[in-house]
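So the structure is just underneath, and the comments pick up after that.
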Amino acid sequence: MNIRLENLTVNFDDRFQLDEINWQLDDTQHWVITGTNGAGKSALAAILAGAGDIVSGSMSGVPAKVGLVSFEAQAELIERERKKDDADIMDVISEGTPVHEILHEGDRNPVLIQQLVSMFKLESLLDRAFRKLSTGESRKVMLIRALASEPDLLVLDEPFDGLDAHTLEMLQQYLLSLVETVPMILVLNRFDEFPDFITHIAYVDQGRLQHQIDRHDSQAYNELYHLLHLKTTELQVPPTDSDTALPPLDPTQPLVRLNKINVTYDGHRIIDSLDWTIEPNQHWQLSGPNGSGKTCLLSLITGDHPQCYVNDIFVFGFQRGNGESIWQIKQFIGYVSTALQWEYKVGTGLRNVIISGFYDSIGLYTKATDRQKQIADQWLALLGMSDRADTPFNKLSYGDQRLLLIARAMVKHPPLLILDEPCLGLDDMNRQLVLALIEKICAASETAVLYVNHHAEDKIKGIDHYLALEKREPDSSQ
Amino acid sequence: MSNNYFNTLPLREQLEQLGKCRFMSMDEFSDGVEALKGKKIVVIGCGAQGLNQGLNLRDSGLDVSYTLRAEAIAEKRQSWKNATENGFVVGTYEELIPTADVVLNLTPDKQHTPVVNAVMPLMKEGACLSYSHGFNIVEEGMKIREDLTVIMVAPKCPGSEVRAEYVRGFGVPTLIAVHEDNDPQGEGLALAKAYAVGTGGHKAGVLMSSFIAEVKSDLMGEQTILCGMLQTGSLLCFDKMVAEGIDAGYASKLIQYGWETITEALKYGGVTNMLDRLSNPAKIKAFDLAEEMKQIMRPLYNKHQDDIIDGTFSRTMMEDWANDDKNLLGWRAETAETAFEKTPAGDVEISEQEYFDNGILMVAMVKAGVELAFETMTAAGIIPDSAYYESLHETPLIANTIARKKLYEMNATISDTAEYGCYLYNHACLPLLADFMKDIKTDVIGKGLELDDTGVDNARLIEVNAALRSHPVEAIGAVLRGHMADMKKIV
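Structure (structure tokens):
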């Protein structure tokens with residue numbers, strides 16, 4: 001068996017479409033297809049059993065006998081039974097097809113059926129009408145049908161859902177006995193259900209096969225785990241610490257007001273007479289090519305740029321250069337950038353890294369309170385990193401570090417969250433992770449998000465204000 | 001030339017001043033920068049210390065501007081660029097000094113006399129003059145106008161680190177002092193504390209010392225263990241390894257990065273931890289070598305301390321200053337010509353542990369140098385806290401400089417005062433250790449012990465461990481590192 005899907009686009013009654021799928025499977029592999037609800041994972045599994053209309057591309061090498069168990073297939077069979085009933089023109093009450101007939105339909109191995117029936121303890125239900133079964137019971141029937149057809153490929157869509165613990169164990173044991181002989185594709189959305197024999201994982205999102213990873217690539221596996229965790233968890237931004245609450249801001253004042261900003265460096269004008277106002281709760285995207293002054297502009301707001309003292313800058317109630325300290329400014333800002341990540345080279349644990357967000361420090365130099373620890377733990381849970389609270393930060397993967405720094409920036413519920421190219425240097429999976437987190441923060445909190453990106457078109461849901469900087473030619477200075 | 005200030009004091013006061021040093025507690029800084037709020041701070045000099053301290057002070061909400069010599073402004077020199085590009089007001093002495101409430105003198109030691117002579121007449125009645133090193137006051141005997149307050153605030157790290165640590169929300173350990181002859185309004189301490197807060201130093205720990213204790217301990221530390229011992233050790237160890245047939249590239253790398261690696265262990269857990277990184281037989285070996293070297297070098301350490309205390313050192317150095325740095329520049333050129341300096345580190349992998357295992361003699365040299373410097377300083381009346389900072393605490397900083405730049409650049413980076421003392425030490429110490437080095441083989445430098453049997457005598461090991469752990473530098477080190485760890489969770 002060597003299944004090849006090439007640039008395959010498949011339509012499902014105009015309800016759903018899988019786009020440009022490229023996928024190869026052979027008979028030494030066992031795959032899990034995973035993704036969030038509505039991502040298209042069941043659809044991907046179903047096309048191997050012949051579902052959907054191919055719009056373009058090709059699919060080859062699918063064996064003749066594919067055993068499919070899915071809610072859709074189950075529902076279809078139940079629907080067929082119901083129609084049988086409706087179609088009965090005689091004035092007798094139809095009992096519908098009994099289970100034993102359903103089981104023996106088509107080309108199935110009777111000895112195997114018997115074995116499986118006893119394994120799933122279905123003996124007492126053999127004479128019952130299929131459509132009278134409970135969901136769990138009919139699911140067992142579907143499983144037996146699929147297994148007893150002795151398929152060349154077994155496609156099981158959420159096979160463990162709705163099974164009691166005993167049956168679950170039985171089924172898992174049985175699947176294990178098939179590992180050497182039948183390639184399997186399982187659709188599962190819970191990582192803890194992935195059987196050990198799985199060799200590969202396909203991640204589907206928005207009708208596309210986004211990632212294919214080797215089970216033994218532990219880093220990719222870990223990242224996928226986080227992505228799925230974030231995508232499937234309802235994001236509730238953890239509360240902040242009332243003991244270290246920020247001083248209140250006047251809600252009628254803008255968070256930031258830059259007035260005719262000029263920045264000159266080495267005789268070159270980087271920023272020329274720029275005005276910009278950020279009101280509370282406004283989400284902004286700042287874009288522009290390299291060298292257009294994005295980071296420079298941000299550092300004027302955060303107080304990290306020395307020329308903030310020679311410009312007309314109003315931030316969080318302070319007109320800069322009047323005896324305020326940068327810590328009075330920074331307390332209102334959550335900040336994430338690649339540069340910060342480079343500087344955040346510490347061996348302290350993840351919990352401490354999050355808590356350091358309360359103090360705007362790199363590393364933690366103040367004894368944390370129990371309340372702060374609690375809040376940090378809630379963030380770790382949100383990121384799916386609860387088991388690593390004391391893991392040194394520098395032992396984390398690059399993408400996980402970025403996620404953690406976003407949590408650090410958000411921990412104090414800053415009025416302004418600045419994300420300076422938060423996806424820079426991240427692979428596609430981690431990019432999606434970070435964007436998913438940002439979208440959730442935009443939707444779920446009172447924080448104004450300032451998202452900085454190279455590409456104006458790389459948009460985030462929830463952001464509706466844009467400032468685009470243009471590259472200044474060195475010659476056009478002064 | 002004025003009189004050496006220290007030598008004008010009666011013995012009673014000399015002892016009192018030398019013995020001044022107290023680790024301050026965090027709650028002594030609860031007033032923050034209040035004492036400097038709204039005051040006009042003018043910094044003289046915009047090099048690494050000047051610029052970075054100024055950036056920190058301004059970011060702490062203080063009013064900072066820079067004054068430079070008129071030529072530096074007219075020629076738009078680097079110091080002028082540093083200040084203006086960072087958005088500071090820059091002016092001549094005449095323009096800014098008369099408006100200043102506090103003047104921070106952050107020029108190199110050597111320039112202090114002309115600088116102070118130039119600015120003092122321009123200073124406002126009752127203003128404050130701050131130093132970051134007491135050499136000018138203590139050794140050169142500079143007399144400051146009676147109405148002026150004189151303080152010292154000395155961050156114990158390079159300028160770039162002063163800034164980097166502040167930006168990350170921390171600071172660097174800082175020494176403060178008030179020149180008691182010049183504290184007419186009794187506000188010196190309040191100003192010094194506020195200054196330390198403004199640079200972030202209070203978060204990392206502040207030592208309250210005296211001008212005298214700072215100068216006499218700082219000079220001793222930098223010329224013996226910090227720069228002198230590492231320079232001498234580098235040259236001896238390299239030449240020995242090459243003579244014994246070890247690959248020169250390997251030898252160069254083992255030394256260049258070895259000091260940094262082994263003193264990292266020193267930084268975390270003192271001499272004890274540094275030796276604990278060795279196997280038992282190697283530890284005993286290092287201990288014995290260190291004991292032998294301590295006996296040989298003790299008179300040299302005593303001589304350095306004596307010359308520093310009675311002013312001989314500063315006098316001879318100032319004579320060289322007056323002689324266009326003939327000695328200093330000659331010695332600097334010699335350093336560039338040494339075999340170690342000219343042999344680049346080889347492209348070989350050396351694991352962290354290997355630096356210990358194959359560098360037993362280097363570990364012994366650090367141990368001997370740290371303990372001797374500490375013992376000599378405390379015997380001269382400097383209190384243990386101060387002696388610890390000026391010996392053990394700063395050794396990793398210099399080791400780090402050698403790792404990055406080897407000896408020539410290390411010498412060019414440190415102050416001229418430290419460099420001058422370093423050469424004096426080096427020239428005396430090389431011949432002193434010549435006989436000792438004759439018996440040294442690659443088992444203690446270059447190859448490691450390579451023993452089949454790593455067993456040791458229990459009684460001897462217990463003796464060595466007890467001796468290591470009971471040394472006074474370990475006792476005070478444990479206390480001071482404890483303070484640091486409380487404040488700085490990550491080191």
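Read top to bottom, the protein sequences are chains W and G.
All residue numbers for the first sequence refer to the UniProt record's numbering, where the first residue is 1 and numbers rise by one.
All residue numbers for the second sequence refer to the UniProt record's numbering, where the first residue is 1 and numbers rise by one.
Don't be surprised by glycine CBs; every beta carbon is placed ideally from N, CA and C.
- A distance below 7 Å separates the beta carbons of G45/G and T107/G.
- Residue pairing of H427/G in beta bridges, as defined by DSSP: absent, with no partner found.
- About 39 Å separates the beta carbon of T97/W from that of S56/W, a gap too long to meet the 8 Å contact definition.
- Residue contact with chain W for S30/G: absent (no Cβ-Cβ distance below 7 Å to any residue of chain W).
- Shown here for S292/W: same chain residues with a beta carbon closer than 8 Å to its own, the five before and five after excluded, namely L469, E470, K471 and R472 in chain order.
- For V271/G against H471/G, the beta-carbon gap comes to about 7 Å, under 8 Å, which counts as contact.
- Counting other Cβ atoms within 10 Å of its Cβ, P183/W reaches 16 or more and is therefore classed as buried.
- For the C-beta of K37/G, the chain W residues within less than 9 Å are, from N- to C-terminus, G323.
- S217/G and K193/G have their C-alpha atoms spaced approximately 21 Å apart.
- Inter-residue distance for D272/W and V138/G is about 51 Å (C-alpha atoms, whole angstroms).
- Residue contact check for N86/G against chain W: a CB pair falls below 7 Å.
- Following the DSSP letters along the chain, one finds H200/W inside the beta strand (DSSP E) bounded by residues H200 to D205.
- Around the C-beta of W379/W, 16 or more other C-beta atoms lie within 10 Å, and the residue is accordingly described as buried.
- In the three-state reduction of the DSSP assignment, R257/W falls in the strand class.
- Under the DSSP assignment, T9/W falls in the beta strand (DSSP E) whose first and last residues are N2 to F12.
- With respect to the C-alpha of I33/W, the residue from L404/W, Y451/W and G207/W having the closest C-alpha is G207/W.
- For R168/G, the closest Cβ of chain W is nearer than 7 Å.
- Below the 9 Å Cβ cutoff, chain W contributes S325, I326 and W327 as neighbours of S60/G, in chain order.
- Residue environment analysis places I462/G among the exposed positions, since fewer than 16 neighbouring C-beta atoms fall within 10 angstroms of its C-beta.
- Of the residues E6/W, N311/W, W31/W and D243/W, the one whose Cα lies closest to the Cα of N189/W is W31/W.
- For C422/G and G323/W, the gap between their C-alpha atoms comes out near 43 Å.
- Inter-segment contact for the stretch 315-325 of chain G and the stretch 386-404 of chain G is absent: fewer than three beta-carbon pairs are separated by less than 8 Å.
- By the C-beta density criterion, V479/G is exposed, having fewer than 16 other C-beta atoms within 10 angstroms.
- In this structure, C227/G is the residue among G169/G, Q49/G, F6/G and C227/G with its C-alpha nearest to the C-alpha of K406/G.
- DSSP places E20/W in no alpha helix (DSSP H) but in the uninterrupted beta strand (DSSP E) bounded by F16 to D26.
- Collapsing the DSSP output to three states places M123/G in coil.
- Annotation for F314/W: the continuous beta strand (DSSP E) segment containing it runs D312 to V315.
- In the displayed model, H166/W falls within a helix according to three-state DSSP.
- Within the same chain, Cβ atoms closer than 6 Å to the Cβ of G311/G are found at N4 and N7, the five residues on either side in sequence being excluded.
- DSSP, read as helix, strand or coil, puts A333/G in helix.
- The shortest C-alpha to C-alpha distance from K342/G to any of S60/G, A248/G, E260/G and R404/G is the one to A248/G.
- Judged by their CB atoms, D31/G and I326/W are not nearer to each other than the 7 Å cut-off.
- Between the alpha carbons of L258/W and Q319/W lies a distance of about 10 Å.
- Of all residues in the stretch 296-324 of chain W, only G303, D304, P306, Q307, C308, Y309, V310, G323 and E324 come within less than 8 Å of chain G when Cβ atoms are compared, listed by chain position.
- About 7 Å separates the beta carbons of L122/G and E94/G, which is inside the 8 Å limit, making them a contact pair.
- For Q282/W, the three-state secondary structure derived from DSSP is coil.
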